[in-house]
Structure formats: structure tokens, C-alpha cells
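Residue numbers (the working numbering), protein chains in the order written: chain A, 6 to 239; chain B, 6 to 239; chain C, 6 to 239; chain D, 6 to 239; chain E, 6 to 239; chain F, 6 to 239. The next block holds one structure in the form of C-alpha cells; read it before the comments.
Number of protein chains: 6
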Amino acid sequence: MSEVAGRMSIQEGAKYLERPQMGRGILLGGVPGVAPAHITILGGGVVGANAARIAAGFQADVAILDVNMDRLRYLDDVMPPNVNALFSDRHTIREELRLADLVIGSILIRGAKAPHLASREDLRLMKPGSVIIDVAIDQGGCFETSRPTTHKDPTYMVDDVLHYCVTNMPGAVGRTSTFALCNVTLPWVLRIVSMGLERGLNECEGIRTAANIVAGKVTNRPVADTFGFDYAPL
Amino acid sequence: MSEVAGRMSIQEGAKYLERPQMGRGILLGGVPGVAPAHITILGGGVVGANAARIAAGFQADVAILDVNMDRLRYLDDVMPPNVNALFSDRHTIREELRLADLVIGSILIRGAKAPHLASREDLRLMKPGSVIIDVAIDQGGCFETSRPTTHKDPTYMVDDVLHYCVTNMPGAVGRTSTFALCNVTLPWVLRIVSMGLERGLNECEGIRTAANIVAGKVTNRPVADTFGFDYAPL
Amino acid sequence: MSEVAGRMSIQEGAKYLERPQMGRGILLGGVPGVAPAHITILGGGVVGANAARIAAGFQADVAILDVNMDRLRYLDDVMPPNVNALFSDRHTIREELRLADLVIGSILIRGAKAPHLASREDLRLMKPGSVIIDVAIDQGGCFETSRPTTHKDPTYMVDDVLHYCVTNMPGAVGRTSTFALCNVTLPWVLRIVSMGLERGLNECEGIRTAANIVAGKVTNRPVADTFGFDYAPL
Amino acid sequence: MSEVAGRMSIQEGAKYLERPQMGRGILLGGVPGVAPAHITILGGGVVGANAARIAAGFQADVAILDVNMDRLRYLDDVMPPNVNALFSDRHTIREELRLADLVIGSILIRGAKAPHLASREDLRLMKPGSVIIDVAIDQGGCFETSRPTTHKDPTYMVDDVLHYCVTNMPGAVGRTSTFALCNVTLPWVLRIVSMGLERGLNECEGIRTAANIVAGKVTNRPVADTFGFDYAPL
Amino acid sequence: MSEVAGRMSIQEGAKYLERPQMGRGILLGGVPGVAPAHITILGGGVVGANAARIAAGFQADVAILDVNMDRLRYLDDVMPPNVNALFSDRHTIREELRLADLVIGSILIRGAKAPHLASREDLRLMKPGSVIIDVAIDQGGCFETSRPTTHKDPTYMVDDVLHYCVTNMPGAVGRTSTFALCNVTLPWVLRIVSMGLERGLNECEGIRTAANIVAGKVTNRPVADTFGFDYAPL
Amino acid sequence: MSEVAGRMSIQEGAKYLERPQMGRGILLGGVPGVAPAHITILGGGVVGANAARIAAGFQADVAILDVNMDRLRYLDDVMPPNVNALFSDRHTIREELRLADLVIGSILIRGAKAPHLASREDLRLMKPGSVIIDVAIDQGGCFETSRPTTHKDPTYMVDDVLHYCVTNMPGAVGRTSTFALCNVTLPWVLRIVSMGLERGLNECEGIRTAANIVAGKVTNRPVADTFGFDYAPL
């Protein structure tokens with residue numbers, strides 16, 4: 006799903022930069038004679054890399070920030086030349102906010118809240134009408150000013166910066182997302198079918214971890230806690 | 006403006022293929038494991054070439070159709086390899102409608118109505134939820150089913166195919182469009198300033214052709230006709 | 006050798022699609038105005054990736070199928086944009102057979118027979134004159150209809166589909182293959198020379214595994230079985 | 006047809022460099038660790054440019070030679086970086102023959118015999134088993150040692166250099182060639198239909214030039230001469 | 006020679022940005038984690054386009070400015086995506102001076118003095134240690150602060166901006182330049198040889214224009230004027 | 006720092022190939038009509054890969070040599086097509102020395118002296134005026150004829166081959182290098198700050214290995230040996 010969300014973030018950004026959508030009224034790729042938009046992508050994981058590739062294809066100027074040097078080296082190897090892979094520190098983030106027409110928040114730390122990389126104060130650095138797409142919203146978002154929105158009412162303005170923080174972004178391209186999801190889940194389904202559920206739970210770490218409810222009991226503590234059920238260890 | 010409209014047509018197409026916008030719910034570029042969309046571009050002029058480049062950058066499978074072999078050869082030279090330059094005939098157009106998730110109409114014949122390349126009947130070949138962006142709408146559109154729409158209410162459905170036929174598309178990215186327009190008009194303004202208007206009208210074909218109103222008289226027949234004024238030849 | 010076979014498979018495919026060779030009479034890359042061939046590559050390992058790169062260089066439309074999502078993501082990162090990396094399931098394989106002018110079988114599972122990905126029945130989906138190159142033939146082939154052939158008599162037809170199933174394909178480009186082979190084997194030769202054979206067999210897993218005959222005794226069971234010799238464990 | 010012949014010349018070259026076909030036994034693109042073939046293309050027109058693009062896609066080292074500096078500059082702009090555009094003089098041609106594994110002759114001068122760029126003597130510079138594809142054979146060929154061959158018996162050896170000089174090369178990929186030909190001829194057919202033949206012959210230079218036989222009389226002098234008919238001027 | 010000078014300008018720029026050469030101490034292409042240099046190229050002709058391509062290959066961020074929209078469109082078609090083709094006006098030039106680490110002056114107007122695009126005042130916009138390479142110096146240079154230098158003593162500082170204004174830049178790569186020059190002049194030499202000088206002067210515009218001295222008389226007025234000889238019309 | 010040195014090696018090579026610098030007087034990328042330089046890079050690690058990418062961007066013909074087949078395969082995947090990844094053996098190295106205008110020595114074996122890949126004898130294979138940049142000089146250099154030089158007096162000639170063996174090359178682009186260095190060291194500084202030095206030394210392998218002096222005692226044996234201090238194990 007990260008790949009879907011990453012690629013989709015750029016097309017949402019393109020849309021909301023249009024004037025009737027309250028953006029700055031600029032075209033991501035510019036045209037011959039007029040400079041393209043500057044896009045800053047915070048986080049160089051799967052979401053960020055997919056966003057960067059599509060943004061580059063749009064002919065925009067792209068910066069992708071991360072703290073992992075090995076990842077930055079790999080991105081430098083495989084990305085088109087209009088993507089700059091930059092080390093993410095406070096100074097660089099603030100520089101980028103100043104330049105950016107579109108900022109993608111794509112820091113996803115497995116099982117943890119996303120860190121806030123930009124405060125409300127920082128928004129003042131940004132140009133009026135610039136756009137933030139916070140893909141990390143499902144983990145709390147990586148901007149202080151992010152709060153979850155829906156496909157029905159996807160955006161709001163804070164200090165003249167348009168925020169798009171739709172949870173479950175991939176839902177909008179359900180056909181692509183469903184295929185993508187099946188590709189990842191199918192091998193597990195086949196394994197359960199061939200092993201039988203019981204043996205699967207006993208022998209296969211992956212299946213055990215994924216089990217939320219077994220024989221009517223909730224076997225995953227966070228799920229039990231969230232919904233107020235009793236937790237029954239496997 | 007053609008360049009703005011061409012590039013913008015793909016981001017509009019990406020948007021309207023989203024499910025909440027009534028499209029098929031697919032992502033233009035697909036993701037690893039899931040095939041990308043097929044985009045058919047009717048017309049290989051400036052609009053079409055700009056659309057093709059952005060579509061290719063989105064990682065989609067792209068076909069661009071034209072009847073001018075020299076143009077097809079040039080496009081083949083400069084386009085990325087996921088763009089196929091095809092000769093445009095009735096058979097190929099119908100094949101493409103069958104394959105396409107997104108069709109861009111970009112036949113602009115200077116000073117003439119755009120030809121209808123697809124009839125209402127032909128729409129039946131298309132998949133439900135596929136999208137038509139008719140950039141040629143300002144010259145009447147290149148689909149039988151095209152009729153002008155606005156940025157406020159941009160789309161309508163015909164036989165399950167979503168139509169986007171906004172006149173003056175570049176208006177949505179006014180900032181980029183204004184710069185682009187200035188780049189093209191500035192040299193003329195400078196010329197008028199340096200020659201003076203009268204000499205400019207006398208000596209310069211380009212200025213004469215462009216003059217709509219001179220000394221309070223409408224000097225351009227189509228303008229005069231359209232608005233019901235008297236036409237005064239220069 | 007996999008790299009040689011993978012790259013060579015496309016030039017064989019190009020050759021056998023020529024009409025005098027009994028193929029459909031089409032040019033892999035098409036020409037401006039005429040669509041290129043569609044090439045389907047079953048298996049995204051070393052053979053498949055090398056085939057895909059050459060096929061893409063030919064300007065063809067290429068799909069490469071695999072079940073390993075990590076591999077598909079990497080291929081998506083490094084392949085040109087006219088290569089689509091697709092998840093391999095029964096449905097997609099059948100879709101691809103319908104589209105393909107050329108199918109490369111490149112599923113190599115170390116030490117195991119290649120799985121049959123297409124039955125004789127499935128061949129009916131394919132266009133008359135389309136071509137199958139089964140690089141997996143040394144492990145039994147990945148089509149039900151594959152049977153080994155030779156460089157002398159390399160092809161046969163089944164249901165109007167041309168099959169090329171030459172074992173030891175790299176033999177045809179012996180000069181390139183020999184250098185490639187030396188590059189891989191040279192480090193082992195040097196190691197044996199520097200360690201001496203006895204110490205090499207004792208201390209080095211790689212040398213031990215590779216030893217077929219030691220001091221006149223056959224020390225590799227499959228070799229012994231195949232040729233009817235006694236097997237002597239090391 | 007030049008585009009078909011140009012692209013096809015490389016796949017023929019690839020084939021005949023295989024050992025069973027009497028070539029050097031090398032793979033055009035090499036493999037990681039082993040250098041690719043060097044391909045020299047004499048003539049940077051449509052044939053040569055199409056050959057160069059496919060050769061580059063094969064990952065070979067490519068040199069394309071021409072005497073037209075404007076053409077060399079354009080080729081430098083649009084070709085991949087493994088194609089070097091070189092000025093064609095006697096010194097450079099001889100240097101290239103020394104390096105080349107595959108030489109494509111693609112000098113086509115409209116309505117004139119192709120010049121001989123390499124003498125029999127020059128062949129001695131070439132490596133044994135290297136391959137010449139003379140696409141210019143229909144105009145007499147650009148090697149002294151070229152003589153026409155057929156798809157049935159396409160090659161012969163001179164001084165250890167394999168020659169492929171098939172006239173009407175595009176015939177082997179008839180399906181692609183037919184579409185390509187129709188794309189070019191269709192507009193003329195439509196013009197004749199809409200104008201009527203007589204008016205077409207009177208008013209349209211292109212139709213007049215192309216007319217070989219009108220009302221049972223041969224109206225094209227070379228055709229009349231070749232076949233021994235009376236020539237009747239239009 | 007323009008091509009040599011254009012390509013060479015970037016390698017001179019790279020050199021003088023090194024700290025021991027008095028530049029800012031930055032690497033044109035940056036490294037993973039650190040942003041590359043910004044290079045501004047004033048003029049999109051042959052010099053500028055060749056500079057842009059090499060600069061892009063260095064992985065820098067490149068802007069190339071021109072006033073000719075058709076040229077900008079072509080550059081946009083054939084340049085890598087890290088080159089932005091911008092319309093050249095006073096506002097954009099000043100913006101670019103602010104951003105640039107390296108500025109290439111490449112406005113060559115045939116037979117006219119290059120216009121001054123930046124005044125001494127404008128240099129204050131530039132970062133200390135940034136570098137100007139004025140390839141237009143042979144026509145007077147396109148910076149107010151440019152004055153001719155030599156390969157021996159190539160640079161000087163004005164307001165902390167390093168200037169490199171070597172006349173006859175291609176002299177430093179004499180081997181490449183000599184071949185390049187011969188390629189362009191050889192066809193004329195051959196023509197003179199085959200026509201004879203007299204007929205050449207009478208019949209061939211190109212030869213006549215190029216003649217500086219004929220039969221001991223100076224036949225080119227600027228040459229005569231410059232060196233104080235009598236001018237004798239042909 | 007390896008990335009800085011690798012990328013910088015090509016711009017140094019470009020500079021010293023200029024005639025006033027005593028090189029052959031050729032331009033790395035050639036120009037349309039004139040062949041580019043041939044660059045040989047010995048070692049495909051980080052230094053070599055960064056050198057290769059910049060060299061390729063210069064439009065040169067590039068060969069990168071290594072003995073690690075996995076590395077060669079990866080380089081083949083991600084490098085532009087004018088880079089050939091070759092297996093490094095004595096024969097190929099000598100072939101390359103014959104062809105090369107510029108040779109980059111980039112074999113860095115962690116904590117060991119670089120091997121000598123070319124003897125003084127081998128220099129005779131090279132063309133007069135060709136250039137060697139030995140990036141491995143900090144580990145002793147990979148040419149027999151290498152000896153350390155400085156940014157002040159960077160080069161010397163041996164048998165007509167120019168040698169550049171500056172130790173601490175990145176010093177010349179101090180701004181870029183400093184940022185690069187900070188990006189790598191910053192995470193360690195933060196770790197020491199948050200853990201405290203003592204705990205850091207106890208619990209963290211990386212910090213312990215990096216400690217040269219602790220509480221006034223030299224805790225790193227090579228440092229102690231080199232400077233004649235007592236060594237005190239941690």
C-alpha cells in the first residue's frame with residue numbers, strides 16, 4: 006500500500022496546486038520557458054521513493070530527505086537526475102520548506118508514531134498556496150498541523166498552506182490497490198490453505214503474528230485493547 | 006498555452022481515474038506487480054507531445070497517434086521508450102479505445118474545427134470508468150460526445166465514460182500560464198513599443214494579424230461577427 | 006551463463022519472428038507509426054532480467070512476471086520504463102499469452118525441475134506465428150509443450166506456435182560465454198592452486214561441493230547415478 | 006522501409022555473429038564482466054539512425070559515421086550515450102574496421118549508386134568472423150565485396166568476413182513492413198480517390214512522379230528501359 | 006569550435022570551484038546527502054546546449070536561459086531532466102545569479118558584440134567564491150566585468166566572484182579541437198581542389214565569403230581594416 | 006569521502022588532459038564528429054562507481070574493472086550504457102592501459118595497502134600525454150609509479166604519463182566534503198551525547214573502535230605506533 010500512497014501523493018499534490026483547488030496555481034512540471042515546481046519529500050522509504058520517481062517523471066525539481074546514508078546512496082544510484090538525495094537535518098528541512106511548492110510527508114516508522122518534522126512555526130517559511138500531502142497521517146502525521154481528513158472533505162488551510170491528510174489514501178484507486186494487496190497476501194492465503202490453520206499457527210511465525218481472532222477469541226492485544234475485548238494469548 | 010494544456014491533461018486524467026471522482030479507481034503508473042494504465046493520445050502536436058512526456062513520466066503505457074509521418078519519426082527520436090508513436094487510422098483508433106484507461110483528445114487544427122475522431126457508438130468499446138480529456142474542446146472537441154464544461158463543474162458521464170471538457174484549462178494553473186503567456190507575448194510588446202503602433206500595423210504582418218480593435222473599430226471579422234459589432238478592415 | 010542465455014533469448018526471438026523462419030513476420034521494435042512487439046518474460050531472475058533489458062533496448066513492450074515482490078520492486082527501480090514488472094499468477098499469465106508475440110520461459114529453480122506455467126491448452130490463447138523461447142529447457146522447460154532441441158535443428162511448431170528449446174544456448178556465442186565462464190571459475194582455480202587440492206577439499210565447502218571425480222572415484226551422487234558408476238563419498 | 010531495414014540489420018548482425026552461423030561467437034551486448042561488441046554504422050541517415058538506436062539498446066558500443074555535421078549534431082542530441090557520432094573520413098573508417106565486430110553499410114544516396122567505402126583490401130583489417138550487413142545492396146552496396154543475396158541463401162564469406170547482402174530485407178518482417186508501407190501510401194491513395202486519377206495526375210506533382218503505368222502505357226522511363234517497353238511521357 | 010568551448014566551460018567551472026583555485030570549494034555534482042551545485046547558462050545556442058549537457062552529466066542542477074521559444078522547446082525535448090529551459094528576462098537572470106555557483110556566458114550573436122547581461126552591480130547578488138566562465142569573451146563577453154585572459158593567467162576576482170575569460174578556450178584541448186575543425190573545413194578544401202580556386206570563387210558563395218586574401222590582395226574588408234591593408238573587392 | 010574523491014577524480018582528469026596542463030589536449034566527451042576519451046577505472050567500489058557515473062555524464066567511453074561478479078552485475082544494472090563493467094584480470098588491465106586516455110586508480114581495501122595493478126613497465130603501453138589519477142594513494146596507490154603529491158604541486162610525469170596522486174583529494178572541495186562528513190559523523194555524535202561517553206565506550210562497538218585517545222591515553226595501537234606514544238588498551 007505504501008507504493009500506491011507514495012505514487013498517488015504526487016497526483017494529489019498536482020491537483021491541489023491548481024488554483025480552483027486553492028493552491029498556488031502552478032503546474033508541477035512547468036513548461037519550456039517557465040521553471041517547474043520544487044517538491045520536497047520527507048522520508049526516503051518506499052513511500053518517498055515512489056513519490057520521488059513520479060515527481061521526477063512530472064519533470065519537477067525534487068529533493069528527497071532521509072537520515073540513512075545507505076538509503077541515500079541507493080536512491081542516488083537509481084533515481085533520475087532531477088532527484089537530489091539529501092541528508093535530513095533541521096537546517097536542510099527548513100531550507101527546503103522555503104523552496105517547496107509541494108511537500109510530501111512520508112516518514113513511516115513501523116509501529117511508532119511518525120515524528121513531527123515541521124512545527125506550526127515552520128509553516129511561515131512556506132509560500133502562500135503551497136501544498137502539504139501528509140502520507141504519514143495514519144501514524145499521526147509528520148507535521149504538527151496535520152489532522153486526519155477524508156476523501157469527501159480532503160483538505161484544509163493552515164496559515165495559507167493547504168493540507169491534504171486523507172487516511173487510507175489508496176482507497177481512491179481501489180482497483181490498483183486491491184491487486185497490489187492481493188499480490189502481497191495471496192502467498193499467505195495459499196500457505197494457510199496448504200498447511201491448515203492450526204499447523205500454520207503453530208509452525209509459522211508470520212501467520213501467528215497476523216492472527217487477530219482465533220476461535221472467537223481476540224489474540225492480538227492492541228486490537229483487544231482498542232475495541233474493549235478480552236485478550237486471549239494464542 | 007498548448008504546452009500547459011497538454012501537461013495538465015494528464016494530471017486531470019490521473020485525478021478523474023480515482024474512484025471518488027467516478028473513474029475506474031486505478032493509478033496511472035500502477036505499482037510493482039500491478040500493470041500501469043494505458044493512455045491513448047489522439048494528435049501528436051504540441052499538446053499531444055507534452056501530454057505524452059508527462060504520461061510517460063508517470064510510468065504509464067502510452068500511445069500517441071498522428072497522421073504525419075515526419076512528426077511520428079521525431080516523436081520516436083525524443084520520447085521515452087514507454088511511448089509508442091502510431092499512425093492514426095480508424096482501425097488503430099478503435100483498437101486503442103478498447104485498451105485505453107485514459108484518452109486525451111489533442112487534435113488542434115489552426116483556425117478549423119477539430120475533427121470528430123470517435124463517435125458516440127465508439128464509446129461502447131471503452132471500459133466503464135475510463136476517462137476522456139478533450140483538450141480540443143475550444144475548437145469543438147474531437148469526440149462526438151464532447152460539450153464544453155467549466156472548472157466549477159468540469160465533468161459528465163456518457164455511457165459510463167467520464168468526460169472532462171473544460172474550456173480554458175490553463176486557467177487552473179494561472180501562475181504558470183501567465184509566465185508562459187508573457188514569454189510568448191513580451192517580444193511583441195517590445196516590438197510595438199519600439200516601432201510605434203502605426204508603423205507596427207503597417208510593416209509587421211504579425212502585429213496586423215493580431216489587432217482586434219484599432220482606434221475603437223473592430224478590425225477582426227470573427228470577433229466582430231461573434232459579438233455583433235461592425236467590422237472595419239484595417 | 007544465465008546472463009548469456011537471457012540476453013541471447015531476445016535475439017533468438019527476434020530471428021524466429023521473421024517470416025522466413027516461420028514467425029509472424031514482425032519486427033520486435035516496430036517502427037515509427039507501427040506498434041512494437043509485446044514480449045512476455047516468465048521469471049524475473051538473472052535470465053529474465055537480462056532478457057528484459059535487451060528486449061527493452063529493442064524498443065519492445067515488455068512484461069516481466071515473478072512471484073517475489075522484493076524482486077519486482079528492484080526490477081521496477083532499475084529497468085527502463087517500457088518494462089512492466091507484474092505479479093505472476095494464473096490469470097496474468099493467461100492475459101499475457103494472449104498479448105504476446107514472444108514469450109521467454111526463464112524460471113530456473115536451483116536443483117529442481119522448472120514448473121509448467123503454460124499447458125498445451127494455453128497455447129490456443131496465443132497468436133499464430135508467435136514464438137516461445139524456453140530458456141528453462143535444461144531443467145525440463147516451463148511449458149508443457151517444450152522438448153529439448155539443438156543448435157542444428159532448433160525449432161518446431163505446436164499449434165502454430167514456434168518453439169525454440171535449444172539446450173546449452175550459450176554455446177552459440179562461445180567466445181562471450183567462455184570469457185564469462187572464466188570470470189566466474191578463475192577465482193576457484195586460483196584458490197585450489199594456492200591451497201592445494203587436498204586442503205581445498207577439506208577446508209572449503211565450495212570446492213568440496215564442486216568435486217565430481219577425486220582420485221579416480223566419482224564423488225558426486227547424481228553424476229554417478231546418471232552415468233552408472235559407483236558413488237564414493239568424499 | 007528504411008526504418009525497417011535499419012532496425013532489422015542489427016538483429017541480423019546479432020544472429021550471424023553466433024558461431025553456428027559462422028560468426029565470431031560473440032553476444033552483441035556482452036554480459037557483466039565481458040565487453041560488448043563494437044558496431045560500426047556507415048551512414049547516419051534514416052537507416053543508420055534506426056540501426057544505431059537498436060544497437061545501443063542491445064548495450065553494444067556503437068559508432069555512427071557521416072559527413073554531414075548538422076546530422077551528426079542531431080544524432081548526438083537524441084542518441085543514447087553509447088553511440089558515438091563520428092565524422093566519416095578514410096582514416097576513421099579504417100580505424101573502425103579494425104575495431105568492429107559488426108559493420109552496417111547504410112549509405113543510401115537517393116537515385117544514385119552507393120559509394121564503395123571499403124575495398125577488398127580493407128577487409129584484411131577486420132577480425133576473422135566479423136560480420137558485414139550491407140543494407141545499401143539495393144543501390145549496389147557500399148562494400149566492394151558486396152553482391153546481392155536472398156532470404157533463402159543470405160550470406161557468404163570473403164576473407165573470413167561474413168557478408169549478408171539480402172535485397173528487400175524488410176520482406177522478412179512482412180507484417181510490420183506492410184503496416185509501415187500502408188502508413189506512408191495511404192494518404193496518397195486517399196488523395197487519388199478524392200481527386201480522381203486524372204486531376205491527380207494533372208495537379209499533384211507527387212502523384213505524377215509516382216505513376217509508372219497509365220492507361221496501359223509505361224510513363225516512367227527507367228521502368229520502361231529496364232523491362233524493354235516503350236516509354237510514353239505523360 | 007563552439008561545441009568544444011561549451012563542453013570545456015563546465016570542466017573549467019568544476020576546476021575553479023575548487024578551493025585551492027579560489028572557488029567556493031564545492032563539487033559540481035554533490036554527493037549522496039549533499040546537494041549539487043546550481044549552474045546557470047546564459048544562452049541556449051550551440052555553446053550553451055553543449056555546456057548544459059555536460060553539466061547535467063555531472064549531476065548538477067542546471068538552468069539554461071534563452072529568448073527564443075522554439076529553441077527552448079527543442080532543448081526541453083532533448084535535454085536530461087535536470088536541465089530547466091527558462092525564458093531569459095532581467096528578472097530571471099537576477100534570480101539565477103542569486104542561486105548559481107557557476108555561471109556560463111554563452112551568448113554569441115554572429116558578427117556582433119555580445120550583449121552585457123549582468124552589470125558589476127549584479128555581481129553583488131552572487132555568492133562569494135562563485136565562478137563565471139565567459140565563453141563569449143571573443144565577442145566582448147556577456148558580463149560588464151569580463152576582460153580577456155590567457156591560458157597562462159586565466160582568472161581574476163571581482164567582488165569575490167572568480168572570472169575565467171580565456172580567449173580561444175579550445176586551444177587547451179588542441180587534439181580534439183583540431184579534429185573538430187578539420188571535420189568542418191575538409192569538405193571545403195575538397196570542393197576547392199575539385200573545382201579549382203577560380204571557379205570556386207565565382208560559383209560558390211561559401212568559398213567567396215571565406216576568402217581573405219586572393220592573389221596577394223586582401224579581399225575581406227574587416228581583415229583589411231583591422232590590419233591596415235588596402236581592401237580589394239573580389 | 007570516497008564519494009567525493011571518486012567524483013572529483015574525473016574533473017581532475019579532465020583538467021590534466023588539457024594541453025597547458027601537459028596532457029594529451031583532448032576533451033573528455035569529444036564533440037559531435039570527434040570520438041570521446043576512453044576512461045579506465047580500476048576498482049568498482051564506492052570510489053570507482055562515483056567516478057564512472059560522472060565520467061559517463063561527460064559522454065566519455067568508460068570501462069570499470071572489478072573482480073567481484075556480484076558488484077559487476079549491480080553496476081551493469083544501474084550505470085548508463087556508456088559504462089562497461091569488465092572482469093579485472095591482468096590481460097584486460099593491459100588492454101585497457103593501451104586504450105585509455107585517463108586511468109583512475111580506485112582500489113581501496115579496508116585497512117590494507119592497495120595492490121599494484123600496473124608496473125612501471127606497463128606504462129609503456131599508454132599513450133604519451135595520458136593521465137593517471139591515483140585515488141588509492143592514501144593506501145599506497147595502485148600503480149608502481151605512484152608517490153604522494155599535494156594540492157600545491159599535484160602532478161609529475163613518468164615516461165610521458167602524467168600522474169596525479171594528491172593525498173586528501175576531498176580537501177579541495179572542502180564545503181561539499183564537510184557537509185558529507187557531518188552527515189556521516191552526526192549520528193555518532195548524537196549517540197555519544199545521549200549515552201554519555203563512558204556508557205558509549207562500554208556498550209557500543211562503533212564508538213569503542215573509533216576512540217583514539219581516552220582520558221589522555223592513546224587507545225588505538227596504530228596511532229600509538231605511528232606517533233611514538235604508549236598504547237593503553239581501553
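The beta carbon of each residue, even a glycine, is placed where N, CA and C say it ideally should be. None of the values given here were measured: they were computed from a predicted structure.
Cβ shell of GLY34/C (< 7 Å), same chain only, five flanking positions each side left out: PRO41, PHE63, GLN64 and ALA65
7 Å Cβ shell around ILE197/C - same chain, five flanking residues per side excluded: GLY205 and ILE212
Beta strand (DSSP E) runs contained entirely in the stretch 132 to 220 of chain A, provided each spans 3 or more residues: Counting whole runs of 3 or more residues, the stretch 132 to 220 of chain A contains the beta strand (DSSP E) stretches 136 to 139, 160 to 163 and 166 to 169.
Chain F contact for LEU167/C (CB, 9 Å cutoff): no
Cβ pair ILE69/D, MET84/D closer than 9 Å: yes
Segments of 4+ residues assigned as alpha helix (DSSP H) that fall wholly inside the stretch 41 to 118 of chain E: 51 to 62, 74 to 83 and 95 to 104
Span of the alpha helix (DSSP H) around ARG291/A: Absent from the model: residue 291/A. The displayed extent of chain A is 6 to 239, so no value can be given.
Span of the alpha helix (DSSP H) around ASP127/F: If you look at ASP127/F, you'll find it in the alpha helix (DSSP H) that goes 125 to 128.
Of the residues GLY38/B, LEU113/B and ASN87/B, the one placed nearest SER7/B, counting alpha carbons only: LEU113/B
Among TYR236/A, ALA123/A and ILE142/A, the one whose alpha carbon lies nearest that of ASN173/A: ILE142/A
Per-residue contacts from VAL219/D into chain E (C-beta, under 8 Å): Ordered by position in chain E, no residue passes the 8 Å Cβ test against VAL219/D, which lies about 39 Å from the chain.
Any 3 or more C-beta pairs closer than 8 Å across the stretch 7 to 25 of chain A and the stretch 52 to 59 of chain A: yes
Boundaries (first-last residue) of the alpha helix (DSSP H) holding VAL39/A: Per DSSP, VAL39/A belongs to no alpha helix (DSSP H) and is neither H nor E.
Positions along the stretch 54 to 79 of chain E whose CB lies within less than 8 Å of some CB in chain A: ALA61, GLN64, ASP66, ALA68, MET74, LEU77 and ARG78
Segment contact, 8 Å Cβ cut-off, at least three pairs: the stretch 14 to 34 of chain B with the stretch 131 to 148 of chain B: yes
Sub-9 Å separation of ILE15/E and ASP106/E beta-carbons: The answer is no: Cβ separation not under 9 Å.
Candidates ARG180/F, VAL88/F, ASN217/F and GLU149/F: closest to ILE31/E by CA position: ARG180/F
Neighbouring residues, chain E, relative to ASP94/D (Cβ below 9 Å): CYS187, ASN188 and LEU191
Span separating the alpha-carbon of ASP158/E from that of CYS170/E: ASP158/E and CYS170/E have their C-alpha atoms spaced approximately 10 Å apart.
Cβ neighbour criterion (16 or more within 10 Å) applied to TYR236/D: With a 10 Å radius around the Cβ and a threshold of 16 neighbouring Cβ atoms, TYR236/D comes out exposed.
Nonlocal neighbours in the same chain, by C-beta distance under 8 Å from PHE92/A, ignoring five residues either side: LEU70, ASP71, VAL72, MET74 and LEU77
In DSSP terms, what VAL223/D is bridged to: ILE218/D and TYR236/D
Rounded Cβ spacing between SER111/A and ILE46/A (contact assumed at less than 8 Å): The beta-carbon distance between SER111/A and ILE46/A, rounded to whole angstroms, is 6 Å. This is short enough to meet the 8 Å contact definition.
Reference VAL223/D; option with closest CA among THR183/D, PRO238/D and GLU203/D: PRO238/D
Contacts of LYS20/A in chain B (Cβ-Cβ under 9 Å): GLN16, GLU17, ALA19 and LYS20
Proximal residues of chain D, C-beta to C-beta of ALA105/C below 9 Å: Within chain D, no residue comes near ALA105/C; the closest Cβ sits about 15 Å away, beyond 9 Å.
Inter-residue spacing [alpha-carbon to alpha-carbon] between GLY18/D and ALA229/E: 57 Å
Residue-level contact to chain C via CB, GLU210/A, 9 Å cutoff: no
Same chain, Cβ closer than 6 Å to ASN89/A, neighbours up to 5 away in sequence not counted: Same-chain partners within the cutoff: ALA68.
Given MET162/A as reference, the closest of ARG125/A, ARG226/A, THR183/A and GLU208/A once Cα atoms are compared: ARG125/A
Three-state secondary structure (DSSP) of GLY18/E: helix
Partner residues on chain F for VAL83/A, Cβ-Cβ distance less than 8 Å: VAL83
Positions along the stretch 28 to 46 of chain A whose CB lies within less than 8 Å of some CB in chain B: ARG29, GLY30, ILE31, LEU32, LEU33, GLY34, GLY35, VAL36, PRO37, GLY38 and VAL39
Same chain, Cβ closer than 7 Å to THR155/E, neighbours up to 5 away in sequence not counted: For THR155/E, where only same-chain residues beyond five positions count, the Cβ hits under 7 Å are VAL171.
Any chain A beta carbon closer than 9 Å to VAL136/B: VAL136/B does not count as touching chain A.
Closer than 9 Å to chain C by CB, GLN26/D: yes
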